[in-house]
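K.L.:
Before anything else, here's the structure in question.
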Amino acid sequence: MDDIAIELHGIDKSFGLVHANKDINLKVRKGTIHGIIGENGAGKSTLMSILYGFYQADSGEILVDGKPVAIRDPNTAISVGIGMVHQHFMLVENFTVLENVMLGAEDSQVLNKGIAKARTELKRLENEYALEVNPDALIEELPVGLQQRVEILKALYRKADILILDEPTGVLTPAEADHLFRILGQLKSQGKTIIFITHKLREIMAITDEVSVMRRGEMVATRNTRETSVEELAELMVGRRVLLRVDKGEASPGDVKLAVQGLTVKDSRGVTMVDDVSFEVRSGEIVGIAGVAGNGQSELLEAIAGIRKATAGTVLLNGKSVDVMGHRDPAELRARGLAHVPEDRHHVGLVLKFEESENAILGYHHDPRYLNGVFLNIDAIRKDAEEKIAKYDIRPPNARLKTANFSGGNQQKIVLAREMERDPDVLIIGQPTRGVDVGAIEFIHKRIIEMRDQGKAVLLVSVELDEIRSLSDRILVMFAGRVVGERSPDATEGELGLLMAGVEGRKEAAE
Amino acid sequence: MSTPYAKLPGWVEYGLIPLINLAVAFLVAGLVVLLVGENPLEAAYHLINGAFGRGEYIGFTLYYATTFIFTGLAVAVAFHAGLFNIGGEGQAYVGGIGVALACLWLDQTMPWYVVFPLAILGSVFFGALWAFLPGWLQAKRGSHIVITTIMFNFIASSLMVYLLTRVLKPLGSMAPQTRTFAEGGQLPKLDWLLSIFGLDVGTAPFNISFLLALVAAFGVWALIWRTRLGYEMRTMGHSPSAARYAGIRESRITVITMMISGGLAGMMALNPIMGEQFRMQLDFVQGAGFVGIAVALMGRSHPGGIIPAAILFGVLYQGGAEIAFEMPSISRDMIVIIQGLVILFAGALENMFRPAIARAFAMRGQRAAAVVQTRGA
Numbered sequence: 001m002d003d004i005a006i007e008l009h010g011i012d013k014s015f016g017l018v019h020a021n022k023d024i025n026l027k028v029r030k031g032t033i034h035g036i037i038g039e040n041g042a043g044k045s046t047l048m049s050i051l052y053g054f055y056q057a058d059s060g061e062i063l064v065d066g067k068p069v070a071i072r073d074p075n076t077a078i079s080v081g082i083g084m085v086h087q088h089f090m091l092v093e094n095f096t097v098l099e100n101v102m103l104g105a106e107d108s109q110v111l112n113k114g115i116a117k118a119r120t121e122l123k124r125l126e127n128e129y130a131l132e133v134n135p136d137a138l139i140e141e142l143p144v145g146l147q148q149r150v151e152i153l154k155a156l157y158r159k160a161d162i163l164i165l166d167e168p169t170g171v172l173t174p175a176e177a178d179h180l181f182r183i184l185g186q187l188k189s190q191g192k193t194i195i196f197i198t199h200k201l202r203e204i205m206a207i208t209d210e211v212s213v214m215r216r217g218e219m220v221a222t223r224n225t226r227e228t229s230v231e232e233l234a235e236l237m238v239g240r241r242v243l244l245r246v247d248k249g250e251a252s253p254g255d256v257k258l259a260v261q262g263l264t265v266k267d268s269r270g271v272t273m274v275d276d277v278s279f280e281v282r283s284g285e286i287v288g289i290a291g292v293a294g295n296g297q298s299e300l301l302e303a304i305a306g307i308r309k310a311t312a313g314t315v316l317l318n319g320k321s322v323d324v325m326g327h328r329d330p331a332e333l334r335a336r337g338l339a340h341v342p343e344d345r346h347h348v349g350l351v352l353k354f355e356e357s358e359n360a361i362l363g364y365h366h367d368p369r370y371l372n373g374v375f376l377n378i379d380a381i382r383k384d385a386e387e388k389i390a391k392y393d394i395r396p397p398n399a400r401l402k403t404a405n406f407s408g409g410n411q412q413k414i415v416l417a418r419e420m421e422r423d424p425d426v427l428i429i430g431q432p433t434r435g436v437d438v439g440a441i442e443f444i445h446k447r448i449i450e451m452r453d454q455g456k457a458v459l460l461v462s463v464e465l466d467e468i469r470s471l472s473d474r475i476l477v478m479f480a481g482r483v484v485g486e487r488s489p490d491a492t493e494g495e496l497g498l499l500m501a502g503v504e505g506r507k508e509a510a511e
Numbered sequence: 001m002s003t004p005y006a007k008l009p010g011w012v013e014y015g016l017i018p019l020i021n022l023a024v025a026f027l028v029a030g031l032v033v034l035l036v037g038e039n040p041l042e043a044a045y046h047l048i049n050g051a052f053g054r055g056e057y058i059g060f061t062l063y064y065a066t067t068f069i070f071t072g073l074a075v076a077v078a079f080h081a082g083l084f085n086i087g088g089e090g091q092a093y094v095g096g097i098g099v100a101l102a103c104l105w106l107d108q109t110m111p112w113y114v115v116f117p118l119a120i121l122g123s124v125f126f127g128a129l130w131a132f133l134p135g136w137l138q139a140k141r142g143s144h145i146v147i148t149t150i151m152f153n154f155i156a157s158s159l160m161v162y163l164l165t166r167v168l169k170p171l172g173s174m175a176p177q178t179r180t181f182a183e184g185g186q187l188p189k190l191d192w193l194l195s196i197f198g199l200d201v202g203t204a205p206f207n208i209s210f211l212l213a214l215v216a217a218f219g220v221w222a223l224i225w226r227t228r229l230g231y232e233m234r235t236m237g238h239s240p241s242a243a244r245y246a247g248i249r250e251s252r253i254t255v256i257t258m259m260i261s262g263g264l265a266g267m268m269a270l271n272p273i274m275g276e277q278f279r280m281q282l283d284f285v286q287g288a289g290f291v292g293i294a295v296a297l298m299g300r301s302h303p304g305g306i307i308p309a310a311i312l313f314g315v316l317y318q319g320g321a322e323i324a325f326e327m328p329s330i331s332r333d334m335i336v337i338i339q340g341l342v343i344l345f346a347g348a349l350e351n352m353f354r355p356a357i358a359r360a361f362a363m364r365g366q367r368a369a370a371v372v373q374t375r376g377a
């Protein structure tokens, strides 16, 4: 058991002036699940890309099974038994499972022979590791959890003994994640070595045998998972102690600021995404919407914010109706006191190619403060951006830097600064801390609570149950497009989990 | 960190890389010349000499460049809003109607400086009109602008044949063209501008619309980077979903952008009609609308890049004609091949050498950093 599957010695890698990996040493023992944890930008993905041959290290040595190897490209990595399951799947959507698994490993110019061979091999792998999936199903018809299973099968088909999983649970529902953990346990018991990359502490505690922590390109510690704690790991990740619980006082709800009545949203295929949803948000309270991703929360948020059409229902903002079915101008909603932090900051909340200052006025570019007639008042825009940068501690503090060059947490702060500094009546926020590092999460949570205490009505959507529970004053649970229950934030995780899974909700509806 | 290549300094990005691309294009073009059994150095000499050898040649080069600045700006404006307007050819052609109408109406009674502003307005109006229709069709009906603008090129061509053979042609004339304009419809040459440098413009039709092109280039810069409309256009061009989020109406921006683009393409007509031929002839655009696409690509859709790119194509047109004249075995078609190679290397294969150059700079950066470190120690 004490054999070392992978050993890294002094791995060093720079991109220009960015020192992504500094003198990394790592030992991964055979037949274990080894977690690698760190904030976004700590260098986890770079290190794994070096191990899988996407990048070459500037210096350092890689040993597989005790033998030094030069991994020049993914093909070499595969040939020494390393397989990778990417965060964003590398699958051909309109190919079947079988076709995807054998893609690039067809063995002959004539497909038929290879297909027959691959089918038997796939069958064997499925039996051996309990990874059932229909080999003739099209990828695009499979749920995300099964697509990931195909990725794992792909690696096993190429005879991988060492599997690298890069943030594998980011796209999964909690149930799917549990299933993945069972699969990984199974693989481990069959003698496979697994490297598990994540920034979620809970997953590390749940599944790994050992854990290595990365911080700013350095490997700062390796611990036996059983002998460490969430608090210690969090501290190692950020280099200081962070509050995982949020301090907040009692809410003092006032008037209804946002009222949603019978809102229904259908997508382009006519599938009902939001089904007759009604609720109210009062000033001075945070209402959280919990639910497994894909149960209509995103569509609900977008319909309220005016970037998606509703098919029925009304939304009242400050007691006045907002047309949710016809054409609506998000600019007008902003003028009426609705601020929106969208779930997808990369494609919706920001224009990544813009300078920071240009994003700081996105949606508010009609404000006369930023204009000289039809011209932009560049000085005023930059000055305003610099004030926000200072107030929200956005780093690097450079209003002229391209937005794509900021880290996830700082990008999110750019959006938050823009929406919060407008003194809105209603603030709707989607996934406030997705892809954001621990240090920024604390800051963002504090700001959200400050908004509440200033008497704003806050509607919060997040797939992180911890976040919903620690921030919200009331929790609505969505399942299959409907609000299936309301709970106080003191409700247990198990209770909420059953609601989110649609178990409790169905019973309640039946009664 | 997710970007594999470090950001390059400005002079490399906008200076060195285009120059390398250009050098490779000329190298390959030289091989082609070699292949037909001619001396590439001699061809290069004729190209450069033909474009810059005399004041007159420079005048021709800048005359062509003027045309390409207009069409290049037209394509670039649309690019910024994420629209690919390849109908510059048709828009410039139809823009000619506005120029011709202004000239035919007033050339005998008014001086050029009265006719010219009206001709500008006319060219912009007709060019914008010809781009408005595809823009509107895309905004309201979802018809893709690439398809519709191409089709509108053909419609423009047929429309102009009709107008020039039936309506705008003087009675009794056999040629498909308007009558020749009187003095009021003729733009003054910029001979004084060249004479500052001691050059003689000779017969070259280098005229005042060159200055208009420079003004238009500045106007486009101001529009894109300094106005609210330009901000909305760029937002839509980079991210339609972010534009929707910001309350920017896609249909409105599409239509407005296309009209500005068409108006710029239309202004191109001023140069040949009022500056060279003093009448509107059949097919006076001669592919300048399409060259505009290459110019915009090469100039990175920035006016500061479009002007030198337009001059480069002016060199290729004027110097290329000289090669064809001096070296008969190199036909006009060979010149088109050379132009094609420039477009290929500077436009389509723009990123071919970038990784290698970026690596070289990353290594240099590291060495510099290492030096700093050792000094620090």
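Protein chains in written order, with the numbering used here: chain A, 1 to 511; chain B, 1 to 377.
Here a beta-carbon is modelled for each residue, glycine too, at the ideal position from N, C-alpha and C.
Looking at chain B, is there any beta carbon in it that lies within less than 8 Å of the beta carbon of Leu362/A?
P.N.:
Chain B contact via Cβ: present.
K.L.:
Measuring straight from C-alpha to C-alpha, what distance separates Glu299/A and Met258/B?
P.N.:
So the alpha carbons of these two residues sit roughly 32 Å apart.
K.L.:
With DSSP as the reference, identify every bridge partner of Pro68/A, one or two as the case may be.
P.N.:
Pro68/A pairs with Leu63/A.
K.L.:
Is DSSP giving His9/A helix, strand or coil here?
P.N.:
Looking at His9/A - three-state DSSP - the assignment turns out to be strand.
K.L.:
Tell me where the beta strand (DSSP E) around His179/A begins and ends.
P.N.:
Counting along the chain, His179/A falls outside any beta strand (DSSP E), though it belongs to the alpha helix (DSSP H) covering Pro174 to Ser189.
K.L.:
Counting only Cβ-Cβ distances shorter than 7 Å, please list the residues of the stretch 299-324 of chain A near chain B, keeping chain order.
P.N.:
Correct list: Ile307.
K.L.:
Tell me the DSSP bridge mates of Met219/A?
P.N.:
DSSP output for Met219/A lists Met214/A as bridge partner(s).
K.L.:
Who does Thr67/B pair with in a DSSP beta bridge?
P.N.:
DSSP lists no partner for Thr67/B.
K.L.:
What does a CB cutoff of less than 7 Å around Gly10/B pick up in its chain, not counting 5 residues either side in sequence?
P.N.:
So no residue of the chain qualifies.
K.L.:
Note down, in chain order, every chain A residue with its Cβ under 9 Å from the Cβ of His238/B.
P.N.:
Val351, Leu352, Lys353 and Phe354, listed in chain order.
K.L.:
What does a CB cutoff of less than 8 Å around Glu128/A pick up in its chain, not counting 5 residues either side in sequence?
P.N.:
For Glu128/A, where only same-chain residues beyond five positions count, the Cβ hits under 8 Å are Gln190.
K.L.:
Per DSSP, which one or two residues make a beta bridge with Ile286/A?
P.N.:
Paired residue(s): Val458/A.
K.L.:
Just the Cα atoms here: how many angstroms apart are Ala440/A and Gly409/A?
P.N.:
Distance between the alpha carbons of Ala440/A and Gly409/A: 6 Å.
K.L.:
Rounded to the nearest angstrom, what separates Leu165/A and Ile152/A at their Cα positions?
P.N.:
Distance between the alpha carbons of Leu165/A and Ile152/A is about 9 Å.
K.L.:
Could you give the DSSP three-state label for Arg29/A: helix, strand or coil?
P.N.:
Strand, per DSSP.
K.L.:
Which value, in whole angstroms, describes the spacing of the CA atoms of Glu7/A and Ile194/A?
P.N.:
So the alpha carbons of these two residues sit roughly 13 Å apart.
K.L.:
Would Gly284/A and Arg469/A qualify as a contact pair, given that the criterion is a beta-carbon distance under 8 Å?
P.N.:
Not closer than 8 Å, so no.
K.L.:
Going by CA-CA distance only, name the one from Leu22/B, Phe197/B, Thr109/B and Met267/B that's closest to Leu344/B.
P.N.:
Of the candidates Leu22/B, Phe197/B, Thr109/B and Met267/B, the one whose C-alpha sits nearest the C-alpha of Leu344/B is Leu22/B.
K.L.:
Kindly indicate which residue of Pro240/B, Phe284/B and Ser241/B has the alpha-carbon position closest to the one of Pro176/B.
P.N.:
Checked all of Pro240/B, Phe284/B and Ser241/B; the closest Cα to Pro176/B is Phe284/B.
K.L.:
Along the chain, where does the beta strand (DSSP E) containing Met327/B start, and where does it finish?
P.N.:
Counting along the chain, Met327/B falls outside any beta strand (DSSP E), and DSSP gives it neither H nor E.
K.L.:
When the Cβ atoms of the stretch 294-301 of chain B are set against those of the stretch 116-126 of chain B, are three or more pairs found closer than 8 Å?
P.N.:
Touching, no, given that fewer than three Cβ pairs across the two stretches are closer than 8 Å.
K.L.:
Please classify Phe406/A: does DSSP put it in a helix, a strand, or coil?
P.N.:
Phe406/A: coil per DSSP, three-state reduction.
K.L.:
Between which two residues does the beta strand (DSSP E) carrying Asp423/A extend?
P.N.:
Counting along the chain, Asp423/A falls outside any beta strand (DSSP E), and DSSP gives it neither H nor E.
K.L.:
Could you name the residues of chain A that Ser173/B contacts, counting a contact when the two beta carbons are closer than 8 Å?
P.N.:
The contacting residues do not exist; Ser173/B stays about 46 Å from chain A at best.
K.L.:
Going straight from the alpha carbon of Pro240/B to that of Met233/B, what length do you get?
P.N.:
Whole-angstrom Cα-Cα distance: 10 Å.
K.L.:
Can you name the residues of chain A whose CB is closer than 8 Å to the CB of Tyr245/B?
P.N.:
Within 8 Å Cβ-Cβ: Ala305, Ile307, Pro330, His340, Pro342, Val348, Gly349, Leu362 and Gly363.
K.L.:
State yes or no: is the C-beta of Ala310/B within less than 8 Å of the C-beta of Gly72/B?
P.N.:
Yes, the pair counts as a contact, with Cβ atoms nearer than the cut-off.
K.L.:
Which of the three DSSP states, helix, strand or coil, is assigned to Lys413/A?
P.N.:
Of the three classes helix, strand and coil, the one that applies to Lys413/A here is helix, per DSSP.
K.L.:
First and last residue of the alpha helix (DSSP H) that includes Ser49/A?
P.N.:
Per DSSP, Ser49/A belongs to the alpha helix (DSSP H) from Lys44 to Leu51.
K.L.:
Using DSSP with H/G/I as helix, E/B as strand and the rest coil, what is Val92/A?
P.N.:
In this structure, Val92/A counts as coil in the three-state DSSP scheme.
K.L.:
Leu229/B versus chain A: which residues are under 9 Å apart at the beta carbon?
P.N.:
The answer, in chain order, is Val374.
K.L.:
Classify Asp379/A as helix, strand or coil using the three-state DSSP reduction.
P.N.:
Helix.
K.L.:
What is the DSSP secondary structure of Leu47/B, reduced to helix, strand or coil?
P.N.:
Helix, per DSSP.
K.L.:
Can you check whether the CB of Met478/A is closer than 8 Å to the CB of Gly270/A?
P.N.:
Against a cut-off of 8 Å, the Cβ pair of Met478/A and Gly270/A comes out as no contact.
K.L.:
List the residues of chain A that Ser241/B touches, going by C-beta distances under 7 Å, in chain order.
P.N.:
Within 7 Å Cβ-Cβ: His347 and Val348.
K.L.:
Helix, strand or coil for Thr492/A? Go by DSSP, reduced to three states.
P.N.:
Coil.
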